[in-house]
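Start counting the sequence shown at 1; every next residue gets the next number (our numbering).
Backbone N, C-alpha and C fix where the C-beta goes; we use that ideal spot for every residue, glycine too.
It should be emphasised that the depicted structure is a prediction, and the values quoted were computed from it without experimental measurement.
Reviewing the structure listed below.
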Amino acid sequence: MLAGIPLIGWVLRATLDTGMFDSVWVSTDHDEIEKVAKSWGAKVHRRSPEVSTDSATSLETIQGVCRTQSCEETMPLNLNPANRPRRQDWKGELCENGSFYFTTKDLIKKGLLQGGTVGYYEMMPEYSVDIDVDIDWPVAEQRVLRYGYFGRTTPEVVRLMFCKISGCLTETRITLSTSGEEMVSVNTKDLTGIRMLQKEEVEVVLLTSSEDSLAQVLSDKLGKKTDCQVIQVGEEPLNDLTPIVEQKKLDWKDVAYMGNDKADVNCLNRARLSAVPGDAAVVAINATKYTCHSVGGMGAVREFTDYILLQKQKAKSKLQQDRIDCNN
């Protein structure tokens with residue numbers, strides 16, 4: 001999982017959304033690839049998650065490159081030491097970054113990815129990061145959160161968030177006191193996250209289940225503390241929540257949802273943005289669009305809040321002020 005999404009999911013989403021390919025194959029050693037490929041084939045490396053949907057020119061081979069100012073070679077192949085420019089004035093070198101290769105079917109049949117007349121597509125530095133060693137991972141994660149491709153629709157329209165109390169706002173465990181009382185805790189970071197969403201005019205609705213007696217006891221207190229509406233849902237939350245979404249004259253594309261178990265799968269799939277804590281059930285993790293590092297009751301709601309607000313900021317401003325300008 002990279003920034004809450006499977007690593008290969010980043011490149012698959014971008015590749016599919018280009019609309020340029022007759023078919024997209026996940027397995028690159030399948031016997032049928034040669035039969036299916038018409039005239040072009042593409043190899044997109046899953047180790048380079050920041051693929052954009054920009055098109056490139058048609059040559060026999062096209063590869064992704066990025067401009068860099070570092071080089072292992074100490075021989076001055078393109079630099080005169082006697083007339084050395086300032087590093088800031090040097091335009092740098094184009095280096096292969098392994099993000100993607102476009103090649104012809106004839107070259108593929110020869111076992112080659114490159115050959116003939118080779119062209120290149122220069123990517124902006126913020127889009128270029130290769131994951132080769134473990135320290136590359138946190139860099140890539142921050143890059144995709146800020147610059148990654150999240151699909152054709154923008155998330156700034158999220159106006160409503162549903163959040164389960166049990167397993168998201170609270171831990172999945174129950175603490176018993178010596179007197180036999182059942183106790184659960186709520187993390188103040190999560191409560192702060194809810195208030196942050198409310199300040200951005202995102203309505204937050206807390207969900208409790210009829211089967212969870214402890215969450216029902218907490219619901220009134222949490223509702224008052226967070227100024228959130230609390231709704232009791234049944235075994236299929238989607239059936240209970242869809243009328244509420246429609247009543248507010250919204251659509252599920254305007255909704256964020258946070259759950260943690262099998263019952264939440266349909267809502268996780270329908271919501272524009274969805275998340276589960278890091279300790280959620282596998283079936284929920286497979287259905288969600290973002291998996292938190294934090295577990296339920298330990299900051300997962302706050303983490304999802306930061307994710308929602310970052311995507312809203314990104315959609316509104318395009319973060320042009322943070323982009324790397326190679327020329328200036």
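- Using a Cβ distance threshold of 9 Å, Ile231 and Leu207 count as a contacting pair.
- The straight-line gap separating the alpha-carbon atoms of Arg159 and Gln311 is approximately 13 Å.
- In the three-state scheme derived from DSSP, where H, G and I count as helix and E and B as strand, Ser274 is classed as strand.
- When the beta-carbon positions are compared, Tyr127 and Arg143 come within less than 9 Å of each other.
- Sorting Gly234, Glu200 and Gly296 by C-alpha distance to the C-alpha of Ser210 places Gly234 at the top.
- Under the three-state reduction of DSSP, Gln114 is assigned to coil, being neither helix nor strand.
- For Met1, no alpha helix (DSSP H) segment is defined, and its DSSP state is neither H nor E.
- Taking 3 residues as the minimum length, the beta strand (DSSP E) runs contained wholly in the region 221–245 are 229–233, in order along the chain.
- For Glu203, the enclosing beta strand (DSSP E) begins and ends at Glu203 to Ser209.
- Of the candidates Ile8, Ile308, Pro6 and Gln229, Ile308 places its Cα closest to the Cα of Gly193.
- Contact between the region 178–186 and the region 250–259 is absent: fewer than 3 CB-CB pairs across the two stretches fall below 8 Å.
- A Cβ-Cβ contact shorter than 9 Å links Ala287 with Ser274.
- DSSP, read as helix, strand or coil, puts Asn97 in strand.
- Ala14 counts as buried, since at least 16 other C-beta atoms from the protein chains shown sit within 10 angstroms of its C-beta.
- It is roughly 31 Å from the alpha-carbon of Leu7 to the alpha-carbon of Thr188.
- Short of 8 Å from the beta carbon of Trp137, and not among the five residues preceding or following it, lie these beta carbons of its own chain, in chain order: Leu2 and Ile131.
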